[in-house]
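Take the sequence shown: its letter number 37 is residue 37 in the numbering used here, and every next letter is one higher.
Beta carbons: idealized from backbone N, C-alpha and C, even for Gly.
This report refers to the structure that appears directly beneath it.
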Amino acid sequence: MVRGVKSFGILVVSMLFITGCGNNEKTLTCTNSEEGSGIKMDQEVTMTFKDDKVTYVKMSIDNEAVDDTIIDNWDMFVSMIESQFEEKKEDGVNLTTNNDTDNHIFNVSLEIDLEKASDDALSEYDLDGIADESATYEDTKKDAEADGFTCK
1 MVRGVKSFGI
11 LVVSMLFITG
21 CGNNEKTLTC
31 TNSEEGSGIK
41 MDQEVTMTFK
51 DDKVTYVKMS
61 IDNEAVDDTI
71 IDNWDMFVSM
81 IESQFEEKKE
91 DGVNLTTNND
101 TDNHIFNVSL
111 EIDLEKASDD
121 ALSEYDLDGI
131 ADESATYEDT
141 KKDAEADGFT
151 CK
């Protein structure tokens, strides 16, 4: 009997390790593509939810020149975007930019670890309060799709 209880205990502990101790984590990836004013903008947002609450957000936006006017004025376009998005890596926020001059694509990537990000860091990107949001995975997916994103 005692040996059976020990075996059962070992089995339960092993199952918890194998399954991640009941880690209830989901990832939602939403994409959108828009074109206008000579720019094609491809957006991808990936959100990690733990216990149905967002804990991590990664946004990537590719701005591609599709019009000769923008291509001819690429340096001015890049300067305008860079003035709006200063690179940063602190307080759970990592913002990077990449200028692909050969293909006329400017990428802005923003990663936010909501468990580490300060309220001040979040407010810089108009995301203050996002860590306190009660929006669930399904609510977020529904809202994103209503805004024109395709989510999976």
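Going by alpha carbons, who is nearest to Asn63 out of Gln43, Met76, Ile112?
Gln43
Which same chain residues, not among the five before or five after Leu110, have their C-beta less than 6 Å away from its C-beta?
Met59, Leu95
How far does the alpha helix (DSSP H) with Ser134 in it extend, from its first residue to its last?
Counting along the chain, Ser134 falls outside any alpha helix (DSSP H), and DSSP gives it neither H nor E.
Hey, would you say the C-beta of Lys88 is under 8 Å away from at least one heavy atom of the ligand MN?
Ligands displayed in this structure: none; no statement on the ligand MN is therefore possible.
Beta-carbon gap between Phe106 and Val78 smaller than 9 Å
Taking C-beta atoms as the reference points, Phe106 and Val78 count as a pair closer than 9 Å.
Please determine, among Thr46, Glu34, Met41, Asn24, the residue with the shortest C-alpha to C-alpha distance to Ile112.
Shortest Cα-Cα distance from Ile112 to any of Thr46, Glu34, Met41, Asn24 involves Thr46.
In terms of DSSP beta bridges, what is Ala65 paired with?
DSSP lists Ile39 as partners of Ala65.
Just reading off the beta strand (DSSP E) that Ser109 is part of, what are its end residues?
105 to 113
Taking just the CA atoms, how far does Asp126 sit from Asp51?
24 Å
Could you tell me the alpha carbon to alpha carbon distance between Lys89 and Asp72, rounded to whole angstroms?
32 Å
Whose C-beta lies closer than 6 Å to the C-beta of Asn24 among residues of the same chain, with five residues either side of it excluded?
Asp51
C-alpha gap between Glu34 and Met41, whole angstroms
5 Å
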